[in-house]
Amino acid sequence: MSAGRTAPVVCLDTLVRLRRSQRPPEALRRLVLPEGMTAPMGCDAVGVPAELGPEVLPRLPRVGCVYADGTHWWWLVPSDSDYALKWPEPVRYTTGAVLPDTPAAPDLIHKPTGTIPYTPPIPLYLALCRVTGTTPTWSRPISA
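If you count the sequence shown from 1, you need to add 209 to reach this note's numbering.
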């Protein structure tokens, strides 16, 4: 570097996004949006064991697209909904709505009215904490 020039500063969020975009495409199954729906904030997916799905559903003020296979229910949430959250066990959070180790595409079991496929992540997180008996924790302090 020459005098007076500094290296660009890259924040952790940028590094995480870059790393996530380098995921190899083979053997990955992605949840597909229903026709007519758009995901302006990108999509991630939150999966819970199938037996918990019916307990979570009525606890949510708004339900977006929900998919199910024999073992899990999957909710679409905006990208980066895992930022500053530690989702409770046995919840599975997947970036890009990519489902690893899924032999077949899950079926769409709930489609919201309108064009936005998301379930709001904070109410989903709190509902999942409730049904799993987990105390909500935030991974970093909130400052005003």
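We put the CB at the ideal spot given by N, CA and C, even for glycine.
Could you check if residue i is buried or exposed, using at least 16 other CB atoms within 10 Å of its CB as the buried criterion?
i: LEU308; result: buried
i: PRO326; result: buried
i: GLY245; result: exposed
i: VAL218; result: exposed
i: ALA259; result: exposed
With respect to the beta strand (DSSP E) encompassing residue i, which residues constitute its N-terminal and C-terminal limits?
i: PRO287; result: 281-287
i: ASP316; result: 316-319
Three-state secondary structure (DSSP) at residue i?
i: CYS274; result: coil
i: THR324; result: coil
i: THR304; result: helix
i: THR344; result: coil
What residue range does the alpha helix (DSSP H) around residue i cover?
i: VAL340; result: 330-341
i: VAL265; result: 262-265
Give the DSSP bridge partners of residue i, in chain order.
i: PRO258; result: HIS281
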